[in-house]
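J.: One structure is given below, represented as structure tokens, and several questions about it will come after.
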Amino acid sequence: MTALSDGVQPWHAGERFFQERQGTVKSSNELGPVIYHATIPHSYRDMIGPQPHFMLSFLDSSTGRVWPCQIFDKPGFADPFPSDGRRIDLSATLDPRDGAAVGGLLRNGTSVGCVQIDWMSRRRNRFNGQVQNLNEETGHFSVQILQAFGNCPKYITRRRISRMGRNREFASVEPAVESSRLSDRAIKLVEKADMIYLATGHVQYGADMNIRGGYPGFVRVFRDGSVVVWPDYVGNGFFMSLGNTRLNPQAGILITDYDETGDGVQILGRLQTHERKEVESLSDREERPRWLTEILSEESQALQLVVLEVEVVRWIPKYCPHQYERVEFSPYNPPPTRGGEQSTDLVSVASPSFRAMLMWVRAESSDVKTFEFQLAPIPRPGSVTLLPGQHVRMQLPCGTAADQQAEEEEEGEGGSAITSAGGLIQRTWTVTSTPSWFHEHGRFQISVKRKEGGVASSWLHDELPRRVVQTCAQDVKEGRTTSCKGVPPEIQFLGFAGEFSPLVDDVSGQLRSEGEVARHVVFLVAGIGITPFVSFFRTLVGGEVESLSERPHESVTLLYSTRRANDCPFLELILQQLAEWAEKEKRDLPVLRVVLFVSQIEGDGGAAVRLQKLAESLSEKLRVTGDSSVRVETGRMTALDAETFRGLLPSLTGSASPEEGEGKAKESEGGGKRLEVEGFLCGPKAFETSVSTMWAHAGLPPSHLRSESFAY
Numbered sequence: 001m002t003a004l005s006d007g008v009q010p011w012h013a014g015e016r017f018f019q020e021r022q023g024t025v026k027s028s029n030e031l032g033p034v035i036y037h038a039t040i041p042h043s044y045r046d047m048i049g050p051q052p053h054f055m056l057s058f059l060d061s062s063t064g065r066v067w068p069c070q071i072f073d074k075p076g077f078a079d080p081f082p083s084d085g086r087r088i089d090l091s092a093t094l095d096p097r098d099g100a101a102v103g104g105l106l107r108n109g110t111s112v113g114c115v116q117i118d119w120m121s122r123r124r125n126r127f128n129g130q131v132q133n134l135n136e137e138t139g140h141f142s143v144q145i146l147q148a149f150g151n152c153p154k155y156i157t158r159r160r161i162s163r164m165g166r167n168r169e170f171a172s173v174e175p176a177v178e179s180s181r182l183s184d185r186a187i188k189l190v191e192k193a194d195m196i197y198l199a200t201g202h203v204q205y206g207a208d209m210n211i212r213g214g215y216p217g218f219v220r221v222f223r224d225g226s227v228v229v230w231p232d233y234v235g236n237g238f239f240m241s242l243g244n245t246r247l248n249p250q251a252g253i254l255i256t257d258y259d260e261t262g263d264g265v266q267i268l269g270r271l272q273t274h275e276r277k278e279v280e281s282l283s284d285r286e287e288r289p290r291w292l293t294e295i296l297s298e299e300s301q302a303l304q305l306v307v308l309e310v311e312v313v314r315w316i317p318k319y320c321p322h323q324y325e326r327v328e329f330s331p332y333n334p335p336p337t338r339g340g341e342q343s344t345d346l347v348s349v350a351s352p353s354f355r356a357m358l359m360w361v362r363a364e365s366s367d368v369k370t371f372e373f374q375l376a377p378i379p380r381p382g383s384v385t386l387l388p389g390q391h392v393r394m395q396l397p398c399g400t401a402a403d404q405q406a407e408e409e410e411e412g413e414g415g416s417a418i419t420s421a422g423g424l425i426q427r428t429w430t431v432t433s434t435p436s437w438f439h440e441h442g443r444f445q446i447s448v449k450r451k452e453g454g455v456a457s458s459w460l461h462d463e464l465p466r467r468v469v470q471t472c473a474q475d476v477k478e479g480r481t482t483s484c485k486g487v488p489p490e491i492q493f494l495g496f497a498g499e500f501s502p503l504v505d506d507v508s509g510q511l512r513s514e515g516e517v518a519r520h521v522v523f524l525v526a527g528i529g530i531t532p533f534v535s536f537f538r539t540l541v542g543g544e545v546e547s548l549s550e551r552p553h554e555s556v557t558l559l560y561s562t563r564r565a566n567d568c569p570f571l572e573l574i575l576q577q578l579a580e581w582a583e584k585e586k587r588d589l590p591v592l593r594v595v596l597f598v599s600q601i602e603g604d605g606g607a608a609v610r611l612q613k614l615a616e617s618l619s620e621k622l623r624v625t626g627d628s629s630v631r632v633e634t635g636r637m638t639a640l641d642a643e644t645f646r647g648l649l650p651s652l653t654g655s656a657s658p659e660e661g662e663g664k665a666k667e668s669e670g671g672g673k674r675l676e677v678e679g680f681l682c683g684p685k686a687f688e689t690s691v692s693t694m695w696a697h698a699g700l701p702p703s704h705l706r707s708e709s710f711a712y
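Residue numbers (full-length UniProt numbering): 1 to 712.
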């Protein structure tokens, strides 16, 4: 947990140390003023209770040690609603064998860091605060919230529960065993882990809890169980956890065998980091553990190595009463390697090896361009699948160690930069073309906003077209006939992922049936955050999902916020397709409502006025489909009051309730539950925060508002 230190910036000296060393100060400053919430936002609350687990770290203020812990019980034991997000009430307690329980840390006033994860959807939110309202008889307690903030879905393994246990079900079966180094069974558990929980803290700034993930084997043990090492992959660049260890090197990790035995091991010690360039600059004659160099050679995407000098090991048999089954490793995990070669044990989860070849580039606005790529070789039919609303990961040859976090928060489509030792950056963008275009031709499109100082976006806008021309000229000179639409083979396709579409279930990741899609769909977007709507709208207009009718939704609403009317990516495309929609002979179509918010009209050359006239003309044509309309409003969407905002949304059936709001699920004709309304939010962090609050204040269920950001 952090405190204000640089005016409006919340970063303490330890976090600043790593931000400066890794070049993420600028991006951290952009998000710093808006990242923390004093209470749990409405959009976070719905995911806390349904989970059968809750993860906490307990800070011992007398010793500086931090214990990572988990509480398990049936869903519903963690509840943020009675306090309106000011605390999380826990009607379950620690396993009495847990190190924090044995040490007497479960007491009012203890600083705790919490993380809650929905493993199937990979939603992750964090909460820092203090223990309050402890019931001495039951051990139940509350976490009084001091900070709440979201976190990215990277490196989280998807799991589903196969056996639901009870709180402390096996607490009396077998005692815990404490030692000063890892036993053979503990080493085995550590080295097969695909996820660990990391607990850090400082008496002044409180406790933190987060996860680290990778393929099995990403955590290693050395020196007969006295040293644990793992790579630090790229995250959001804030370095909250490692920043704490700069001020207090005491840290703890927790590893649990979810899939087989349920055993857990808590490992406490002193943590230090070894930056890649520092290790690589040491000569063989200088003191450098050989395993540091070996790990770095195998972990090309590690920024640094984290080394935990073990002091306390606590082995807890059957720590987890539930049993889970692993569904899918994170697509962001770097490929597993040993001895410089990719592991064959995990070949089924490794990304296919394809190059992305540039076909063409088109300007959508002054700072947004669309790029079409073709996979080479063209994949076999059915071997690579693209679903509506998914994003693509690609590896670009444009980075340096100092650049790896340069691109954050590109108005909803930024971040997710990973740089390896060879200067390769991994980036993520929404696919704006339709799935059928990819499945038929092996081609897909992304739309990228140029960001000032952005490494990947600048490379795509400027360097890539130049290199294509140079390559083609060289081909001609050397007698080759390669098309000038080709590109050098440095761009690697790393796969499609994501579920950000009304047509895709956000838990299973599968296409929804007719009875599962929401009756009313609302997109709330700003700037380049329009791209998920473009993907959805193209799919809807094209009638590409065979299992759905031409009217899977009763209405589709787009609320689109932009600065200037003449600098609005995809506006022409959307209006053109709306015009085509209006001319369709069939009348069994969803109601379409588009409201464009333009915040700056001065100096736009009359673009806003022309757009208003076009909208009025188009609305006349759209009336043949019912209540469809297009309108232009001046001002910011985020300035709307709840009543005005609610008036822009479709009329919903059903009564409102304090916790669910309007639009809760109704019985479909097939007997299943169908959402009345579902929202999709994509834009800058401040925009998303404001609009999610407006959504809740308008009486709509926060659990039905999905958001996506690549600022990680």
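No residue lacks a Cβ here, since even glycine has one placed at the ideal position from N, Cα and C.
Just so it is clear, the structure is predicted and the values come from calculations on it, not from any experiment.
Check this for me: beta carbons of Pro216 and Ala302, under 8 Å apart or not?
T.: For the purposes of this step, residue 216 is taken as the residue at position 216 of the sequence shown. For the purposes of this step, residue 302 is taken as the residue at position 302 of the sequence shown. It is not a contact, given that the beta carbons lie outside the stated cut-off.
J.: Are the CB atoms of Ile161 and His322 within a distance shorter than 8 Å?
T.: As a working note, residue 322 is residue 322 in the sequence shown. As a working note, residue 161 is residue 161 in the sequence shown. Yes; because the gap between Cβ atoms is below 8 Å, this pair is in contact.
J.: What are the complete alpha helix (DSSP H) segments, minimum 4 residues, inside the stretch 102-168?
T.: Taking only runs of at least 4 residues, no alpha helix (DSSP H) segment lies wholly in the stretch 102-168.
J.: For Pro465, which residues in the same chain have their Cβ closer than 7 Å to its Cβ, ignoring the five residues on either side in sequence?
T.: Counted from its first residue, the sequence shown places residue 465 at position 465. The residues are Val361.
J.: Please state the DSSP three-state secondary structure of Glu660.
T.: For this step, residue 660 is matched to residue 660 along the sequence shown. Interpretation of Glu660 is limited by its pLDDT of 46, a score under 50 that renders its predicted location unreliable; no figure is taken from the coordinates.
J.: Note the first and the last residue of the continuous alpha helix (DSSP H) segment covering Gly184.
T.: By one-based count along the sequence shown, residue 184 stands at place 184. The amino acid occupying residue 184 in the given sequence is Asp; Gly does not appear at that position. Taken as a continuous stretch (DSSP letters only), the alpha helix (DSSP H) holding Asp184 covers Asp184 to Glu191.
J.: Is the beta carbon of Val229 closer than 8 Å to that of Thr273?
T.: The residue you call residue 273 lines up with position 273 of the sequence shown. The residue you call residue 229 lines up with position 229 of the sequence shown. Their beta carbons are not under 8 Å apart, which means Thr273 does not touch Val229 by this criterion.
J.: Considering only C-alpha positions, which residue in the set Thr24, Tyr44, Ala148 and Gly382 is nearest to Arg122?
T.: In the sequence shown, counting from the first residue as 1, residue 122 sits at position 122. If we check each option's Cα against that of Arg122, Tyr44 comes out closest.
J.: Counting only runs of 4+ residues fully inside the stretch 217-269, write out the alpha helix (DSSP H) ranges in chain order.
T.: Counting whole runs of 4 or more residues, the stretch 217-269 contains the alpha helix (DSSP H) stretches 240-247.
J.: For Lys369, which residues does DSSP report across the bridge?
T.: Residue mapping note: residue 369 aligns to position 369 of the sequence shown, counting from 1. Paired residues: Ala363 and Val448.
J.: Would you identify the three-state DSSP class for Met694, choosing helix, strand or coil?
T.: To locate residue 694, count along the sequence shown from 1; it is residue 694. Three-state DSSP puts Met694 in a helix.
J.: Express the C-alpha separation of Leu282 and Ser47 in angstroms, rounding to a whole number.
T.: Your numbering for residue 47 matches position 47 in the sequence shown. Your numbering for residue 282 matches position 282 in the sequence shown. Before going further, note that residue 47 is Met rather than Ser in the sequence given. C-alpha separation (whole angstroms): 47 Å.
J.: Taking just the CA atoms, how far does Ala456 sit from Ala406?
T.: Taking the sequence shown and counting its residues from 1, the one referred to as residue 406 is at position 406. Taking the sequence shown and counting its residues from 1, the one referred to as residue 456 is at position 456. Only weak support is given to the placement of Ala406: the predicted model assigns it a pLDDT of 42, under 50, and the value that follows is read from those uncertain coordinates. Computed Cα separation, rounded: 9 Å.
J.: Should Asn167 and Ala251 be called a contact, given that it needs their Cβ atoms to be closer than 8 Å?
T.: By one-based count along the sequence shown, residue 167 stands at place 167. By one-based count along the sequence shown, residue 251 stands at place 251. Result no, Cβ atoms of Asn167 and Ala251 do not sit closer than 8 Å.
J.: In chain order, what residues of the same chain have a beta carbon less than 6 Å from the beta carbon of Ile88, not counting five sequence neighbours either side?
T.: In the sequence shown, residue 88 corresponds to position 88, counting from 1. Excluding residues within five positions, the ones whose Cβ falls inside 6 Å are Ala78, Pro80 and Val143.
J.: So, helix, strand or coil for Asn210, using DSSP?
T.: Stepping through the sequence shown from its first residue, residue 210 is reached at position 210. If DSSP states are grouped into helix, strand and coil, Asn210 belongs with the strands.
J.: Assuming Leu558 contacts Phe523 under a Cβ cut-off of 8 Å, what Cβ separation, rounded to an integer in Å, is found between them?
T.: For the purposes of this step, residue 558 is taken as residue 558 along the sequence shown, with counting starting at 1. For the purposes of this step, residue 523 is taken as residue 523 along the sequence shown, with counting starting at 1. The pair is a contact, with the Cβ atoms about 5 Å apart (cut-off 8 Å).
J.: Rounding to the nearest angstrom, what Cα-Cα distance links Leu56 and Gly113 in this structure?
T.: The residue you call residue 56 lines up with position 56 of the sequence shown. The residue you call residue 113 lines up with position 113 of the sequence shown. Distance between the alpha carbons of Leu56 and Gly113 is about 5 Å.
J.: To the nearest angstrom, how far is it from the Cα of Cys682 to the Cα of Gln426?
T.: For the purposes of this step, residue 682 is taken as residue 682 along the sequence shown, with counting starting at 1. For the purposes of this step, residue 426 is taken as residue 426 along the sequence shown, with counting starting at 1. Approximately 21 Å, taken between the alpha carbons.
J.: My output table needs one value for Phe500: the three-state DSSP class, helix, strand or coil.
T.: As a first step, residue 500 must be located in the sequence shown, where it is residue number 500. Coil.
J.: Can Gln266 and Trp67 be called in contact, C-beta distance under 8 Å?
T.: Indexing the sequence shown from 1 puts residue 266 at position 266. Indexing the sequence shown from 1 puts residue 67 at position 67. In contact: Gln266 and Trp67 (Cβ atoms closer than 8 Å).
J.: Please classify Ser28: is it buried, with 16 or more other beta-carbons within 10 angstroms of its beta-carbon, or exposed?
T.: For the purposes of this step, residue 28 is identified with residue 28 of the sequence shown, where counting begins at 1. Counting Cβ neighbours within 10 Å, Ser28 comes out buried, since at least 16 surround it.
J.: Rounded to whole angstroms, what's the CA-CA distance from Arg163 to Val521? Just pull it up for me.
T.: On the sequence shown, position 163 is the one that residue 163 refers to. On the sequence shown, position 521 is the one that residue 521 refers to. Approximately 35 Å between the Cα atoms of the pair.
J.: Using the three-state DSSP reduction, which class does Gln426 fall into: helix, strand or coil?
T.: Position 426 of the sequence shown, counted from the start, is the residue given in the question as residue 426. Three-state DSSP puts Gln426 in a strand.
J.: In the structure shown, what three-state DSSP assignment does residue 723 receive?
T.: This structure leaves residue 723 out entirely; the chain is present only between 1 and 712.
J.: Would you call the stretch 291-298 and the stretch 310-328 touching, i.e. three or more CB-CB distances under 8 Å?
T.: These segments do not touch.
J.: Do you know how far the Cα of Leu640 is from the Cα of Gly269?
T.: Numbered from 1 along the sequence shown, position 269 holds the residue referred to as residue 269. Numbered from 1 along the sequence shown, position 640 holds the residue referred to as residue 640. If I take the Cα positions, the gap works out to 51 Å.
J.: Which class does Ala639 belong to by DSSP, given the choice of helix, strand or coil?
T.: Position 639 of the sequence shown, counted from the start, is the residue given in the question as residue 639. In the structure shown, Ala639 sits in a helix (DSSP, three-state: H, G or I).
J.: Give the DSSP bridge partners of Ile88, in chain order.
T.: Here residue 88 is taken as the residue at index 88 of the sequence shown, counted from 1. Answer is Val143.
J.: In this structure, does DSSP put Ala100 in helix, strand or coil?
T.: Counting from one through the sequence shown, the residue named residue 100 turns up at place 100. DSSP places Ala100 in helix when its eight states are reduced to three.
J.: Given this structure, state the Cα-to-Cα distance separating Phe645 from Tyr324, to the nearest angstrom.
T.: Mapped onto the sequence shown, residue 645 falls at position 645. Mapped onto the sequence shown, residue 324 falls at position 324. Approximately 42 Å, taken between the alpha carbons.
J.: State the start and end residues of the unbroken beta strand (DSSP E) segment that holds Trp67.
T.: Position 67 of the sequence shown, counted from the start, is the residue given in the question as residue 67. Residues Val66 to Phe72.
J.: Looking at Gln22 and the ligand HEM, is the gap between the Cβ and the nearest heavy atom below 7 Å?
T.: Looking for the ligand HEM in the displayed structure turns up nothing, as the structure carries no ligands at all.
J.: Three-state secondary structure (DSSP) at Arg355?
T.: Position 355 of the sequence shown, counted from the first residue, corresponds to residue 355. Arg355: strand per DSSP, three-state reduction.
J.: Confirm, please, whether the CB-CB distance from Ser561 to Arg636 is below 8 Å.
T.: Taking the first residue of the sequence shown as position 1, residue 636 is located at position 636. Taking the first residue of the sequence shown as position 1, residue 561 is located at position 561. Yes. Within cutoff.
J.: At which residues does the beta strand (DSSP E) containing Leu705 begin and terminate?
T.: Counting from 1 along the sequence shown, the entry for residue 705 is found at position 705. Where Leu705 is concerned, the enclosing beta strand (DSSP E) stretches over Leu705 to Ser707.
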